[in-house]
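Undergrad:
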Amino acid sequence: MKTKLHSIALVSLLASSLAAAGAAQAQTAGTWMLRGGVTHLMPDVDSGNMTAPSLPNTQIDVGNDTRLSGGLTYMLTNNWAIDLPLALPFKHDIVGAGAIAGAGTLGTVKALPITVFMQYRFAEANTALRPYLGAGVTYSKLYDETGSAALSGITGGSPSNPTLLSADSRFGLTLQAGLSYSFNEHWFVDGAVVKSFVKTKATLSTGQTIEAKLNPVAVMVGVGYKF
Amino acid sequence: MKFLKPSIASAIVALSLAACGGGGGGGDQSPAVKFTSLVSFGDSLSDVGSYKTPGIASLGGGKYTVNSATAQIWVDRIASQLAVPTPCPAQTGLNASGALAAFAGPVTNHAECTAYAQGGSRVTNPIGPWNAALLASPDPTTAFQGQLGQLTVPVTTQISNHLAKTGGSFNGKELVLVLAGANDVFMNLATVGTTTTPAQAATAMATAAVELSNLVKTQIVGKGAKYVVVVNLPNISLTPSALASEASKPGSQALTDAVTQAFNSQLASNLNGVQGVVLVDAYAQSTDQAKNPAAYSLTNVTTPACSSTSPANPLQGYSLTCSSASTIAGDVSRYQYADPVHPTPYAHDLLARLVSLGMSRAGWL
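These protein sequence lines are chains A and B, in that order.
With the numbering used here, letter number 104 in the first sequence gets 104, and the count goes up by one each step, no holes.
With the numbering used here, letter number 25 in the second sequence gets 25, and the count goes up by one each step, no holes.
(1) Whose C-alpha, out of A/L41, A/V45 and A/I60, is nearest the C-alpha of A/M220?
(2) Taking the alpha helix (DSSP H) that A/A101 falls in, what are its first and last residues?
(3) Quick one: list the residues of chain A neighbouring B/A295, beta-carbon separation under 8 Å, in chain order.
(4) Would a check of beta-carbon distances place A/G222 closer than 7 Å to chain B?
(5) Under 7 Å, Cβ to Cβ, is there at least one residue of chain A near B/D257?
(6) Closest Cβ-Cβ distance between A/S180 and chain B: below 7 Å?
(7) Please report the distance separating the alpha-carbon of A/G22 from that of A/T31.
(8) Who does A/S148 pair with in a DSSP beta bridge?
(9) With a threshold of 16 other CB atoms inside 10 Å of the CB of A/E124, please say whether the residue is buried or exposed.
(10) In the segment 143 to 193 of chain B, which residue ranges form an unbroken alpha helix (DSSP H) of at least 4 residues, counting only runs that do not cross its ends?
(11) Going by alpha carbons, who is nearest to B/V278 out of B/A83, B/N232, B/S121 and B/S308?
(12) Give the DSSP-derived three-state secondary structure of B/P129 in the structure shown.
(13) If you measure from the CB of B/T321, is any heavy atom of the ligand GTP nearer than 6 Å?
(14) Ignore the nearest five residues each way along the sequence and tell me which others in A/L55's own chain have a CB closer than 6 Å to its CB.
(15) Establish whether the CB of A/P162 and some CB of chain B are separated by less than 7 Å.
(16) Am I right that B/L45 and B/I78 are in contact with their C-beta atoms under 8 Å? What's the rounded C-beta distance?
(17) So, for A/V62: in the same chain, excluding its five sequence neighbours on each side, which residues have a beta-carbon less than 6 Å away from its beta-carbon?
(18) Alpha carbon to alpha carbon, how far is B/L148 from B/C306?
(19) With DSSP as the reference, identify every bridge partner of B/M205, one or two as the case may be.
(20) According to DSSP, is B/H348 part of a helix, a strand, or is it coil?
(21) Quick one, which of B/Y318, B/A312 and B/S333 has its alpha-carbon nearest B/S297's?
(22) Name the chain A residues that come within less than 8 Å of B/Q81, Cβ to Cβ?
(23) Which residues, in chain order, does the segment 71 to 102 of chain A contribute to contact with chain B at a C-beta distance below 7 Å?
(24) Identify the contact partners of A/T108 in chain B, using a Cβ-Cβ distance below 8 Å as the criterion.
(25) Can you grab the Cα-Cα spacing for the pair B/D43 / B/L94, in whole Å?
(26) On the criterion of 16 or more Cβ atoms from any shown chain inside 10 Å, does A/V193 qualify as buried, or is it exposed?
(27) For the beta strand (DSSP E) containing A/F197, list its first residue and its last residue.
(28) Tell me which same chain residues have a C-beta within less than 8 Å of the C-beta of A/A52, skipping the five on either side of it?
(29) Going by DSSP, what residue range makes up the beta strand (DSSP E) through B/D257?
(30) In chain A, which residues lie with their C-beta within 9 Å of the C-beta of B/R353?
(31) Suppose contacts are defined by Cβ-Cβ distances below 7 Å. Is A/G222 in contact with A/G36 by that definition?
(32) Starting from B/G82 and walking both ways along the alpha helix (DSSP H), at which residues does that stretch end?
(33) Have a look at B/L365 and A/N161 and give me their C-alpha separation to the nearest angstrom.
(34) Give the residues of chain A in contact with B/V272, contact being defined as C-beta atoms less than 7 Å apart.
(35) Taking 7 Å as the threshold (beta carbon to beta carbon), is A/G104 in contact with chain B?
(36) Among the residues of its own chain, which have a CB less than 6 Å from the CB of A/P113, if the five just before and after it don't count?
Shown next, in the form of structure tokens:
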């Protein structure tokens with residue numbers, strides 16, 4: 001780790017002098033990269049059991065969603081970068097699993113995973129094809145939860161007293177593997193696969209709770225511009 | 001470059017909105033199928049107040065549960081969930097006599113009401129428990145019960161009464177609930193050892209299941225109903241009544257279970273694959289509730305909540321006249337049983353949830 005840090009410092013020093021020399025092109029230190037595209041978010045849910053009162057083994061699953069997305073990357077050095085993916089909020093269906101499998105849509109939740117990655121981009125700064133790896137911290141913001149007639153029905157609610165759902169937002173760890181290909185000085189395409197390790201705890205207004213690992217895999221593709 | 005701006009701007013807006021904390025909501029509470037009414041056929045487990053005569057009402061009774069102003073049985077709960085009109089009894093009255101004459105009420109039909117289920121009703125036999133015809137019984141307990149004079153209109157007649165009212169058909173927008181057979185269990189078991197054998201009782205129950213499923217197929221689905229929930233018999237052998245019988249008459253619990261299962265298995269095989277019918281397995285859930293009460297937040301699954309000695313209930317713990325004024329001491333809100341066979345409002349709620357699950361799986365919610 002120490003050596004790595006040393007090399008970061010060294011490379012960044014080297015890079016900034018290069019940048020100062022006016023050699024900024026490709027993915028050199030100091031480059032800003034802005035991209036836009038789409039992200040497909042696929043929760044890989046490992047659900048706990050809902051607390052009493054509920055049918056034993058009552059579980060949930062969460063559906064996939066695709067949204068417009070983008071991101072901003074800043075090259076700290078010729079290899080190290082900070083990346084901030086951005087996306088429109090995802091809207092996921094929450095469906096029954098386990099003892100309540102097949103019960104249909106129990107509700108929906110909006111998700112805005114906010115992640116800051118530290119990336120290492122392989123190869124020389126002006127190589128066209130650069131694979132990269134990243135690791136980051138995600139704040140999985142869950143909000144605008146809604147229930148449904150099915151959720152109320154199986155938990156003892158009714159239209160006049162519907163069962164409400166709330167899901168905790170939590171921090172988690174996220175790993176990233178991607179590839180960017182530069183057409184020219186400015187334009188590039190970028191693709192990445194991201195795996196997050198985040199949990200949530202959903203609480204119903206009828207008192208039951210359920211813990212679930214969401215652990216989503218996201219696939220992102222986009223077109224970007226460097227400046 | 002330009003095309004990026006809206007999405008990033010929106011994301012930032014979304015971020016700030018999210019930071020404000022989006023309040024969750026109930027979402028779309030209207031069911032997928034827009035039901036217009038509820039029609040219910042069956043027995044005491046579905047009776048919304050057929051026998052709520054002035055005498056019964058004066059004790060705070062009327063339904064077979066721990067009665068109160070807000071007590072709902074599963075049929076009421078399903079109606080609330082679907083936001084259809086509150087079910088009201090299609091026929092009211094009580095042919096009470098003798099010591100129980102104060103409970104009597106004229107037998108009246110209510111054209112606007114479609115909850116036909118009555119306490120004591122059987123599938124096709126018109127004489128169920130506590131019917132006035134039992135006054136002549138040589139058994140003193142049975143003869144006493146005959147004084148209450150429950151109407152016990154059998155399910156087959158309940159259905160024909162409904163069809164007579166509607167011009168011979170269902171409109172296809174009602175939710176039809178069917179739960180019957182428990183009184184056939186009680187009546188068939190009552191004669192085992194005297195005039196019948198256990199095998200005969202099991203055969204009679206299988207026959208009752210065939211009759212009920214044929215009614216569902218030909219007189220309900222066959223007459224235009226598109227959404228029918230049939231609930232099978234709960235595990236009667238685990239009721240306080242069956243537990244008490246087992247103590248005095250070993251082997252009766254197993255026999256009760258055998259005849260119940262004879263009914264349920266025949267019902268399941270006859271209704272399997274019938275379009276528009278959801279068969280709800282109350283047997284499995286009630287068995288699990290007895291074995292695993294904590295999962296359902298049940299605090300007691302063997303003791304009736306209604307006191308059998310309370311002066312506020314002259315029917316000795318019978319839930320028709322049981323109210324929160326005549327329960328045993330302590331918190332009985334999470335008890336399974338109101339009386340030796342009937343569920344509390346909470347247990348009714350659990351049944352309603354199971355029915356909702358079945359309806360949800362069918363895509364109706």
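In this text, a Cβ means the ideal position worked out from N, Cα and C, and glycines have one as well.
Nothing here was measured: the structure is a model prediction, and the numbers come from that model.
TA: According to the structure shown:
(1) Against the first sequence, residue 220 of chain A aligns to sequence position 220. Closest by alpha carbon: A/L41.
(2) Translated into positions along the first sequence, residue 101 of chain A becomes position 101. Segment: none, A/A101 is in no alpha helix (DSSP H) and carries neither H nor E.
(3) Within the second sequence, residue 295 of chain B is the residue found at index 295, counting from 1. Correct list: A52, P53, S54, L55 and P56.
(4) Numbered from its first residue, the first sequence carries residue 222 of chain A at position 222. It does not: the Cβ of A/G222 has no partner Cβ on chain B nearer than 7 Å.
(5) Mapped onto the second sequence, residue 257 of chain B falls at position 257. Closer than 7 Å: no.
(6) The residue given as residue 180 of chain A occupies position 180 in the first sequence. Closer than 7 Å: no.
(7) As a position in the first sequence, residue 22 of chain A is number 22, starting the count at 1. As a position in the first sequence, residue 31 of chain A is number 31, starting the count at 1. Low confidence applies to A/G22: its pLDDT is 37, below 50, so where it sits in the model is not reliable enough to give any reading.
(8) If you number the first sequence from 1, residue 148 of chain A lands on position 148. DSSP output for A/S148 lists B/D28 as bridge partner(s).
(9) Working through the first sequence from its first residue, we reach residue 124 of chain A at position 124. Flag for A/E124 reads exposed.
(10) Within the segment 143 to 193 of chain B, the complete alpha helix (DSSP H) runs of at least 4 residues are 155 to 166 and 182 to 190.
(11) Here the question's residue 278 of chain B lines up with position 278 in the second sequence. Here the closest residue by C-alpha is B/N232.
(12) In the second sequence, counting from the first residue as 1, residue 129 of chain B sits at position 129. It is coil, neither helix nor strand.
(13) No copy of the ligand GTP appears in this structure; indeed no ligand is present at all.
(14) Counting from 1 along the first sequence, the entry for residue 55 of chain A is found at position 55. Within the same chain, A/L55 has close Cβ partners A99.
(15) Translated into the one-based positions of the first sequence, residue 162 of chain A becomes position 162. So yes, A/P162 belongs to the interface.
(16) If you number the second sequence from 1, residue 45 of chain B lands on position 45. If you number the second sequence from 1, residue 78 of chain B lands on position 78. Not confirmed; about 13 Å, so no contact.
(17) Position 62 of the first sequence, counted from the first residue, corresponds to residue 62 of chain A. P43, V45, H92 and I94, listed in sequence order.
(18) Your numbering for residue 148 of chain B matches position 148 in the second sequence. Your numbering for residue 306 of chain B matches position 306 in the second sequence. Taking the straight line joining both Cα atoms gives about 19 Å.
(19) If you number the second sequence from 1, residue 205 of chain B lands on position 205. DSSP, once it has assigned bridges, lists no residue as partnering B/M205.
(20) As a position in the second sequence, residue 348 of chain B is number 348, starting the count at 1. B/H348 falls in the helix class under three-state DSSP.
(21) The sequence position of residue 297 of chain B within the second sequence is 297, counting from 1. Ranking B/Y318, B/A312 and B/S333 by Cα distance to B/S297 puts B/S333 first.
(22) Your numbering for residue 81 of chain B matches position 81 in the second sequence. Neighbours of B/Q81 on chain A, chain order: A149, S152, G153, G157, S158 and P159.
(23) L86, A87, L88, P89, I100 and G102
(24) Working through the first sequence from its first residue, we reach residue 108 of chain A at position 108. Within 8 Å Cβ-Cβ: G27.
(25) By 1-based counting over the second sequence, the position of residue 43 of chain B is 43. By 1-based counting over the second sequence, the position of residue 94 of chain B is 94. Going from the Cα of B/D43 to the Cα of B/L94 covers about 15 Å.
(26) As a first step, residue 193 of chain A must be located in the first sequence, where it is residue number 193. Per the 10 Å Cβ criterion, exposed.
(27) For the purposes of this step, residue 197 of chain A is identified with residue 197 of the first sequence, where counting begins at 1. First-last of the beta strand (DSSP E) with A/F197: W187 to F197.
(28) Taking the first residue of the first sequence as position 1, residue 52 of chain A is located at position 52. Contacts found: Q208.
(29) Locating residue 257 of chain B in the second sequence gives position 257, where the first residue counts as 1. B/D257 -> not in any beta strand (DSSP E); alpha helix (DSSP H) instead, spanning S252 to L271.
(30) By 1-based counting over the second sequence, the position of residue 353 of chain B is 353. Ordered by position in chain A, the residues that pass the 9 Å Cβ test against B/R353 are P53, S54, L55, G153, I154, T155 and G156.
(31) For the purposes of this step, residue 222 of chain A is taken as the residue at position 222 of the first sequence. For the purposes of this step, residue 36 of chain A is taken as the residue at position 36 of the first sequence. Cβ distance < 7 Å, so A/G222 and A/G36 count as in contact.
(32) The residue you call residue 82 of chain B lines up with position 82 of the second sequence. The displayed chain sequence assigns Leu, not Gly, to residue 82 of chain B. Here the alpha helix (DSSP H) through B/L82 covers W74 to L82.
(33) What you label residue 365 of chain B is simply residue 365 of the second sequence in a count that begins at 1. What you label residue 161 of chain A is simply residue 161 of the first sequence in a count that begins at 1. Answer to the nearest angstrom: the Cα atoms are 16 Å apart.
(34) Residue 272 of chain B sits at position 272 when you count from the first residue of the second sequence. Checking the displayed sequence, the identity of residue 272 of chain B turns out to be Asn instead of Val. The contacting residues do not exist; B/N272 stays about 17 Å from chain A at best.
(35) Numbered from 1 along the first sequence, position 104 holds the residue referred to as residue 104 of chain A. Judged by the 7 Å Cβ criterion, A/G104 is in contact with chain B.
(36) Here residue 113 of chain A refers to the residue found at position 113 when the first sequence is read from its first residue. Excluding sequence neighbours, A/P113 sits near T138 and S140.
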